Amino acid sequence: MALEVGKIEVSSEQRSLMPILSPGKRARLHRLLYEFGPGHGTLLLLPIDQGIEHGPRDFFPNPASKDPDYQFRLAAEAGYSALACGYGMASKYFPDYAGRIPLLLKLNSKTDIPPADEALSPCNASVEDAVRLGADAVGYTLYVGSPKQEEDFVQLGHVREDCDRFGMPLVIWAYPRGREIEKKGGRDSLFAIDYAARVAMEMGADVVKLNMPKLNADKDRDAPAPYNEMDVSLSEAIRHCVESAGRSLVVLSGGSKVDDDKLLEQTRLIMEAGGSGVIFGRNVWQREWGQALSIIEQIKETLAKSRRRTP
Amino acid sequence: MALEVGKIEVSSEQRSLMPILSPGKRARLHRLLYEFGPGHGTLLLLPIDQGIEHGPRDFFPNPASKDPDYQFRLAAEAGYSALACGYGMASKYFPDYAGRIPLLLKLNSKTDIPPADEALSPCNASVEDAVRLGADAVGYTLYVGSPKQEEDFVQLGHVREDCDRFGMPLVIWAYPRGREIEKKGGRDSLFAIDYAARVAMEMGADVVKLNMPKLNADKDRDAPAPYNEMDVSLSEAIRHCVESAGRSLVVLSGGSKVDDDKLLEQTRLIMEAGGSGVIFGRNVWQREWGQALSIIEQIKETLAKSRRRTP
Amino acid sequence: MALEVGKIEVSSEQRSLMPILSPGKRARLHRLLYEFGPGHGTLLLLPIDQGIEHGPRDFFPNPASKDPDYQFRLAAEAGYSALACGYGMASKYFPDYAGRIPLLLKLNSKTDIPPADEALSPCNASVEDAVRLGADAVGYTLYVGSPKQEEDFVQLGHVREDCDRFGMPLVIWAYPRGREIEKKGGRDSLFAIDYAARVAMEMGADVVKLNMPKLNADKDRDAPAPYNEMDVSLSEAIRHCVESAGRSLVVLSGGSKVDDDKLLEQTRLIMEAGGSGVIFGRNVWQREWGQALSIIEQIKETLAKSRRRTP
Amino acid sequence: MALEVGKIEVSSEQRSLMPILSPGKRARLHRLLYEFGPGHGTLLLLPIDQGIEHGPRDFFPNPASKDPDYQFRLAAEAGYSALACGYGMASKYFPDYAGRIPLLLKLNSKTDIPPADEALSPCNASVEDAVRLGADAVGYTLYVGSPKQEEDFVQLGHVREDCDRFGMPLVIWAYPRGREIEKKGGRDSLFAIDYAARVAMEMGADVVKLNMPKLNADKDRDAPAPYNEMDVSLSEAIRHCVESAGRSLVVLSGGSKVDDDKLLEQTRLIMEAGGSGVIFGRNVWQREWGQALSIIEQIKETLAKSRRRTP
Amino acid sequence: MALEVGKIEVSSEQRSLMPILSPGKRARLHRLLYEFGPGHGTLLLLPIDQGIEHGPRDFFPNPASKDPDYQFRLAAEAGYSALACGYGMASKYFPDYAGRIPLLLKLNSKTDIPPADEALSPCNASVEDAVRLGADAVGYTLYVGSPKQEEDFVQLGHVREDCDRFGMPLVIWAYPRGREIEKKGGRDSLFAIDYAARVAMEMGADVVKLNMPKLNADKDRDAPAPYNEMDVSLSEAIRHCVESAGRSLVVLSGGSKVDDDKLLEQTRLIMEAGGSGVIFGRNVWQREWGQALSIIEQIKETLAKSRRRTP
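Chains as they are written, first to last, in this note's numbering: chain L, 1 to 311; chain G, 312 to 622; chain H, 623 to 933; chain S, 934 to 1244; chain V, 1245 to 1555.
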């Protein structure tokens, strides 16, 4: 039973989430998994919260993307499972698309102007707002490992309670963050992402949004044992994180724009690892309309081909 | 400007409801009108509240119908816009169908054991229950003209307020009822149904469920002027009621089982009058499976052919 | 100081209301008195609650009036001070006119199907609804003298409290009603209307809506002394009622359709008696568009010519 | 499709309740069905609310039974699934048995001193009381068909909502009652019991407590069609009622003391009809200790032998 | 698709806000845009919160301006869209002007005595206060990028929720502030103002109040890429900020007194960039009465000539 350093055995099968969800969560999540988007139990989510998280500069590569209608139209016409945004955008642009694309209301957010060493993302909207808008899920950014985790956990606890009260699926953006995580290999290490995946599940996530771990032997040396000496492939690493999330579904987030092959390769990896889909923002809407549709088509094909899990 | 007795002029066009609804109501109602059921802005609703309203005897003609799973399966497989039932049934049978058929949660109901001369249908569930279950609409039975209208209006007012708070569409079963309505031509008279349609709209209904008026010169003589001397066809009568409901959508309810031709004729009449669909219960599920599917198919065709209104 | 039977002395001047109102009530009422409608401190209100109070038959003389948009358009285009209607109509038709015509939200209503001997008009909406809709006043029907006055006073008390909390002007439809008032000369007697005017003021009305008293020596004999022996002109009678309302503004309501001369004469009488305006429904919208505009123009002229009071 | 009078076809299989219950309800109900009492998914409940429902005279046949400790000890030592009683008894006697016998807290009750023609059983305790006491279920008496059903349904609706909120199983004593039910064949007719079973399920019961119907051709003639001409055996009748309760579990209640053979025969009938157990009070504790233990043993054997249903 | 440094393409057309607002917000905002002030969908706002934000010294250049009646009178007589002030001034001076000038109640404010490196403006009034006073909008100062953004976002979230509840338009003073923003080019940089505009929209602003960006190649070098190397005209810069605010209307704030040509030039720039108006305080009321009226007249002409946007 001792751990053989550098090897992680992964169980071959993941338990399904849907049968144990309350009917409200099940009805809503079913829409994302089966009625909209690529279907077949997969998730293709379009996030548009970069304007507040990073500022308008993310829209410069494709000026059309500055108008939020661009992302709403893209999500509706290209066939996404849902569009994820904050209250301001939802209240101003969702009315034109109500019923045509499911809404995942992001409840908290922050700017990147103050440093992230004590990161906390404060709520500016509630689960009841999400209900009133007709959203099918809510999103919450949890900064795992931040010195402000005390406030974060309490705040998330209240959101989770309201999700239960209203039958609303809870999607957690599980992001390792803060000065302490930087001391232990950094926010992209397997240690950090793996821990974040587990914390999100332990806090009640129905869906966990994870970044792809970056294996970096140098930096990983600062991580706690046995992560400091682990020798795993990227595929094994991501599979490990997915398993840490247990019954919670996992979607992979993209980050800044990468080339197409890498994007599709990441999609394949998360799905083969037992993930349920992807949430790519800039990688999609920083392209002009035709090119965006083309990469979305390829992502959908990859989701379909590589899916392993029954949600 | 004087009223020419026996003639009602009806306006030719109805205003659309969807553009003025809040995004939550719009997102939810869109599912019923376009994503499920026959679509194209029509409503095909399956009610299963007869077990409480009339007792189990309604299930005797088709014993399989006693198991609520029969109606849920029928609604999901034959492709309904939504299934309408009370909390007990929703909590026990909807979990198996969450996401596969929209739920219209009926909030109030009563037995038919006490006499209906002072009818009132008390709420046993709340709009928040509907939210938690993942329902897409709520239903409320309003007994228009009952001596207990004071309690009824107050109770409905609170339901309506919660519908606004949560973005939940409100369907009103607008039923003339009580000893006073019986003195004025009865619950099926044009006077009574027409009044009920208007009251439902004035109370905030998004959708109004009406019975087909029955023209009966004898009984109508007791109705207030000018209904006591009106000479209208059934088609004009139903069109009149639909117009009284204004921007609220109208669905026609069926009542006890009638022959197929009459059922389809009623479907055609309501749609040509500017209605949005039908809600037939016993006329459908008192048939065994194959026959039920067959009549549903014919109803759907009639809905498609006869629709006039943009919801 | 003893009362000389058959003579009522009336004070020559009425105290102004506006200077003692809270700023919220003043800002809102100012819009009705000066920014919209005929202005100069007068009120021209268009009520459209007859569909629930009497049923759709009131629309038969002018079928176009069945579509509530008719009344909204009339109020906006002919230049009314405000349109008065219930929640259902406000939520479905006001969005198209928000900002173009002030809204007076009627909070309670009933059908006329059950007998009126124990009349009570139950609330189906709240002052907070009025605030959310952007209304500038609320309306409440008080059945003065009804055996159910206990419930009525308590219900009105809560409405009045909310009006104070939100700075919302309160308009009371002060209607004598019920079997006891019928025993004492009836709902139209000077005794009844005069009493109703005072009760409305005593309950906190900012504006009181009164019917024109009908002098009928026969029926008045059943009224309490000295009304049973009073000998007053109609002009004196209405002036008496206006004074009973004290600082509350008074508007005269119309009732069923009468000829133009009578309508304008009533308008003149209420204004000369110190009233602030009129609220005529059927007398206006039971006319086709052009005729409605024409009578409105004449009413406005009469209001301007006959006004005496600074509100 | 016409109903053949006198024959009801019943489906052969009943759907399980446990898989669709929330975890809290499931954990608590599991204790009654499997950890305490005869187990194997059956229920043996001991009610002791006769002191308030009928008065102390029910204790006269066995004076020891007047001390509530008698019933608590019996339930604990003879191995019941739960003991059902009101708040006063629970607060005074359950402390000695907490953990040794599950508590089913009865929330409402009444005396039999006023006549039952407008029966209503008012709540004197709450679901939160039940949580605080450590109860594993709550009980509610619903008087189906009573003229006071309006108050009853509203009251039960609130109890049911609290049961959902706290994950507390809801047991409904479904009793036809009131002057109207007496006009239609009486409280023990198949019509009445069958209707009551369905109403309890529709109101959200997890477990329904029913009386055995009494077939009486004479009285049944007053029941609505087709009950007025039905020709069924007692076995068919009870099976019919169990099916009307759908997914809700059914337990048979006993009533006044009958001979042993009849008691065991009733036990067999309910179990073969798909019921889940029995709730006999006077039939058990009106016996002295040794005789009580003996009949309990025989009931348990019958439950084990005759059970058909997976709860 | 790569970003060409120094060029931002801007879309030529902005989406309208009014059609997607709730009726309450629409009715109130309509008053500011069309009923008062210069009209035609433009906003001319008079702020008088400098007494708390900077202290009485701002009144020294024009001693008459120290009496708040000066600004109220100016706003009413010169024809502003609204006057913006805090609760104290509103409660003391608005009563004299209620109905004559719309009130924009500023909910939060601070003194400039403590340093602004961790700026936060605490609420001293509520949206309900605004409702009670009869205000037509509320104002909130958001310090974008401040280390206290966590508290700021939560506080604003509650204000925004109340605005939705009461149908009250929300005007956000979007001010970059705090030590971190100073490290990145300062509060007046295009980076800072552009980010602030977007954040305000994402937080739910109906109207965003922005300062004019100041282009300063030296300081901008500290801003994040690509702002550190951007080469834009002032006209392009302001147009960029207006677009970042999306559907939210934008008004330009003035700051300390500048010469007339500059003021009118700024007015022209904001309107041609798609802005909806200006909010100039000291630039107006630091002038004596006649001069103030004269510059207001010129601003109004400029607003009328330069407007591009349908609000």
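We put the beta carbon where it would ideally sit given N, CA and C, even for glycine.
Computed from a prediction, not measured in an experiment: that's the story for all the values here.
Between the CA atoms of residue j and residue i - distance to the nearest angstrom
| i | j | result |
| --- | --- | --- |
| A392/G | A1326/V | With the sequence shown as reference, residue 392/G is identified as Ser, and Ala is not the correct amino acid for it. Computed Cα separation, rounded: 48 Å. |
| I1171/S | I1126/S | 9 Å |
| I1105/S | E429/G | 27 Å |
| Q602/G | K611/G | 14 Å |
| H676/H | Q466/G | 21 Å |
| S998/S | E1221/S | 8 Å |
| L560/G | R618/G | 12 Å |
| A556/G | V1140/S | 42 Å |
| H351/G | I412/G | 17 Å |
| L44/L | G277/L | 6 Å |
| E1176/S | S1186/S | 17 Å |
| D1121/S | P1102/S | 26 Å |
| A90/L | P349/G | 29 Å |
| F371/G | D571/G | 20 Å |
Residue i - partner residues in DSSP beta bridges
| i | result |
| --- | --- |
| G659/H | BP columns for G659/H are empty, so no partner. |
| Y1384/V | I1416/V |
| L950/S | None; L950/S has no bridge partner. |
| A82/L | L45/L |
| G277/L | L43/L, V251/L |
| N833/H | S875/H |
Bounding residues of the alpha helix (DSSP H) (the contiguous stretch that carries residue i)
| i | result |
| --- | --- |
| S866/H | 856-866 |
| L654/H | L654/H -> no alpha helix (DSSP H), and no H or E assigned at all. |
| K530/G | 528-531 |
| K688/H | First-last for K688/H: undefined, no H or E at that position. |
| E851/H | Segment: none, E851/H is in no alpha helix (DSSP H) and carries neither H nor E. |
| G362/G | 361-364 |
| R636/G | With chain G running from 312 to 622 in the structure shown, residue 636/G is simply not present. |
Chain-ordered neighbours of residue i on chain C, where CB pairs are closer than 8 Å
| i | result |
| --- | --- |
| F694/H | Protein chains L, G, H, S and V are contained in the structure displayed, whereas chain C is not. |
Q. Taking Cβ-Cβ distances below 7 Å as the criterion, which residues of the stretch 325-344 of chain G are in contact with chain L?
A. Hits within the stretch, in order: P334, G335, R337, A338, R339, H341, R342.
**Q.** Contacting positions in the stretch 432-466 of chain G - beta carbon closer than 7 Å to chain L
**A.** Within the stretch 432-466 of chain G, the qualifying residues are V442, R443, L444, G445.
**Q.** Contact set between the stretch 1278-1300 of chain V and chain H, restricted to residues whose Cβ is under 8 Å from the partner
**A.** Taking 8 Å as the Cβ-Cβ cut-off against chain H, the residues of the stretch 1278-1300 of chain V that qualify are Y1278, E1279.
Q | alpha helix (DSSP H) segments (min. 4 residues) lying fully within the stretch 591-622 of chain G | A | For the stretch 591-622 of chain G, the continuous alpha helix (DSSP H) assignments of 4+ residues that do not extend past its boundaries occur at 593-596, 600-617, in sequence order.
Q: Compile a chain-ordered list of the residues in the stretch 815-837 of chain H whose CB is closer than 8 Å to at least one CB of chain V.
A: Cβ proximity to chain V below 8 Å picks out nothing from the stretch 815-837 of chain H.
Q) In chain order, which continuous runs of the alpha helix (DSSP H) of length 4 or greater are located wholly inside the stretch 713-773 of chain H? A) Entirely contained in the stretch 713-773 of chain H, the alpha helix (DSSP H) runs reaching 4 residues are, in chain order, 749-755.
Q | Near-chain G residues of the stretch 1169-1180 of chain S (beta-carbon distance less than 9 Å), N- to C-terminal order | A | Taken in chain order, the members of the stretch 1169-1180 of chain S whose beta-carbon sits within less than 9 Å of a beta-carbon on chain G are H1173, C1174, E1176, S1177, G1179, R1180.
Q: Run through the stretch 152-201 of chain L for me and flag every whole beta strand (DSSP E) of 3 or more residues, listed as ranges in chain order.
A: Counting only runs of at least 3 residues, the stretch 152-201 of chain L fully encloses the following beta strand (DSSP E) elements, listed from N- to C-terminal order: 170-176.
Q) What residues in the stretch 159-173 of chain L bring their beta carbon closer than 7 Å to a beta carbon of chain V? A) Against chain V - using a Cβ distance shorter than 7 Å - the stretch 159-173 of chain L contributes no residues.
Q | Near-chain G residues of the stretch 1015-1047 of chain S - C-beta to any C-beta below 9 Å | A | Under the 9 Å Cβ criterion, the stretch 1015-1047 of chain S contributes no residue.
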